[in-house]
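Under the working numbering, the first residue of the sequence shown carries the number 7, and numbering increases by one thereafter. Just so it is clear, CB atoms sit at the ideal spot from N, CA and C, and this is done for glycine as well. Below is one structure, written out as structure tokens, with a few remarks after it.
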Amino acid sequence: METSLGVFGNEIDLPESLSLAGYRIVQEAATNTLKHADATKLDVRIRFHADELELDIADDGRGSTRRTTGGLGLIGMRERVAAHEGTLETGPRTSGPGFRVRARFPLHRPAPAATAPA
């Protein structure tokens with residue numbers, strides 16, 4: 007299978023629990039592609055936005071013809087995303103064949119330190 011990985015934005019250090027959750031979501035999405043999709047391509051994109059981390063995993067396999075919430079892998083993804091107050095979208099791609107998983111996690115950055123008046 008042809009696989010591509012893109013990392014976009016300014017990378018930041020993530021809390022260990024968020025880093026692990028993101029890793030497991032990408033791992034599960036790739037595993038589902040290998041097991042179920044009969045795909046020839048897998049595209050993984052990691053985007054660091056100003057206030058969120060986005061994971062976008064898509065394949066060109068036969069996918070599903072309906073939105074789905076089933077499967078233990080998808081349940082695990084939902085639980086990992088929910089634990090970090092994020093959102094998860096899964097289902098057929100809107101452009102072309104295949105399946106897409108998109109997870110978004112808010113990035114809680116510490117507020118800048120206030121400066122004391124002079």
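- Membership of GLU34 in the alpha helix (DSSP H) is indicated by the continuous run 22-38.
- The C-beta distance from ALA45 to GLY67 rounds to 3 Å, short enough to meet the 8 Å contact threshold.
- In this chain, GLY15 is not harboured by any alpha helix (DSSP H); it is covered by the beta strand (DSSP E) spanning 8-15.
- The three-state secondary structure of GLY97, taken from DSSP, is strand.
- Rounded to whole angstroms, the gap between the alpha carbons of LEU20 and HIS42 is 31 Å.
- Setting aside the 5 residues that flank it on each side, ARG51 is surrounded in the same chain by GLY12, ASP62, each with a C-beta closer than 6 Å to its C-beta; the list follows chain order.
- In this structure, the beta-carbon distance from ARG84 to LEU94 falls below 8 Å.
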